[in-house]
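To keep things clear, I will list the structure first and then write my remarks on it.
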Amino acid sequence: MATPMTGNNGYKLPPPASYNVNDGNVQGFLTQAKAYLRFYARQINTKPDKVLCVARFLKGDALEWFEPTMRNYLDKNKEERENETNNVFQSYHHFERKLRATFGNPDEARSAERRLMTLRQRGSASKYAAEFKQIASRTDWTDKDALMAQFYTGIRDDIKDEVSRLSDPTN
1 MATPMTGNNG YKLPPPASYN VNDGNVQGFL TQAKAYLRFY ARQINTKPDK VLCVARFLKG
61 DALEWFEPTM RNYLDKNKEE RENETNNVFQ SYHHFERKLR ATFGNPDEAR SAERRLMTLR
121 QRGSASKYAA EFKQIASRTD WTDKDALMAQ FYTGIRDDIK DEVSRLSDPT N
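Sequential numbering from 1 applies to the sequence shown in the UniProt record's numbering.
Right under this line is the structure:
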């Protein structure tokens, strides 16, 4: 068994959770993978090593999708490989784009926008705020006033009444 790597500061960072298509969150996986690669930047410092490292965490359908490309890279020299294999292993960003294009939501921003428009507070205000912020981060909305208006729309009526009462200067 290989000895776990140690980061620049002597700490050991656990690897990202394996990605399986059924998990559905390719962007979350890629964000964790990017943090892992940054933490171990001295040890995993070439583009091919970054791709190989992250590909190691693919499972199920995601692994079946990428395994032929990985095998082509590992078994053949550069001149014998398919062009797409060389492209993927010479650019980690190219690998990310392919993974996202294959398994990600092609319309993530619009899907998040629809979820935001239908989100309603059911539990605590803090839970609603956290969920709203998480969904809003996946939209293209940049207008703070529009976000605040949508946030207010989803708040329970009793909370709206309390906010209105507290902001009324005659009370």
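C-beta: ideal position from N, C-alpha, C; glycine also.
CA-CA distance, residue i and residue j?
| i | j | result |
| --- | --- | --- |
| proline 39 | lysine 12 | Strictly speaking, residue 39 in this sequence is phenylalanine, with proline absent from that position. So the two alpha carbons sit approximately 9 Å from each other. |
| phenylalanine 154 | histidine 93 | Note that residue 154 corresponds to glycine in the displayed sequence, not to phenylalanine. Rounded to the nearest angstrom, the two C-alpha atoms are 37 Å apart. |
| serine 126 | threonine 139 | 20 Å |
| tyrosine 73 | threonine 85 | 6 Å |
| isoleucine 44 | aspartate 23 | 26 Å |
| arginine 42 | glutamate 131 | 36 Å |
| arginine 67 | aspartate 161 | It should be pointed out that residue 67 corresponds to glutamate in this sequence rather than to arginine. Answer to the nearest angstrom: the Cα atoms are 57 Å apart. |
| arginine 122 | serine 137 | 20 Å |
| glutamate 113 | alanine 146 | 12 Å |
| lysine 98 | methionine 70 | 13 Å |
| aspartate 158 | serine 124 | 12 Å |
| alanine 55 | glutamate 79 | 22 Å |
| methionine 117 | glutamate 82 | 45 Å |
| methionine 1 | glutamate 108 | Residue confidence is low: methionine 1 scores 45 on pLDDT, short of 50, so the model does not pin down where it sits. Its coordinate-derived value is still stated next. One C-alpha to the other measures close to 39 Å. |
I believe residue i touches residue j by the beta-carbon criterion, under 8 Å. Please report the beta-carbon distance rounded to the nearest angstrom.
| i | j | result |
| --- | --- | --- |
| arginine 120 | isoleucine 135 | That belief does not hold up - the Cβ atoms of arginine 120 and isoleucine 135 are roughly 12 Å apart, past 8 Å. |
| proline 14 | phenylalanine 57 | Actually they are not in contact, since the Cβ atoms of proline 14 and phenylalanine 57 sit about 11 Å apart, beyond 8 Å. |
| glutamine 27 | arginine 100 | 7 Å |
Are residue i and residue j close, meaning C-beta to C-beta below 8 Å?
| i | j | result |
| --- | --- | --- |
| lysine 59 | serine 18 | yes |
| valine 88 | aspartate 61 | no |
| glutamine 90 | lysine 34 | no |
| tryptophan 141 | threonine 102 | no |
| cysteine 53 | leucine 63 | no |
| glutamate 96 | leucine 166 | no |
Should residue i go down as buried or exposed, given a rule of 16 or more other Cβ atoms within 10 Å for buried?
| i | result |
| --- | --- |
| valine 163 | exposed |
| tyrosine 128 | buried |
| alanine 149 | exposed |
| said: Could you tell me which whole alpha helix (DSSP H) segments of length 4 or greater appear in the segment 33–79? | reply: For the segment 33–79, whole alpha helix (DSSP H) runs of length 4 or above, ordered along the chain, are 47–55 and 60–75.
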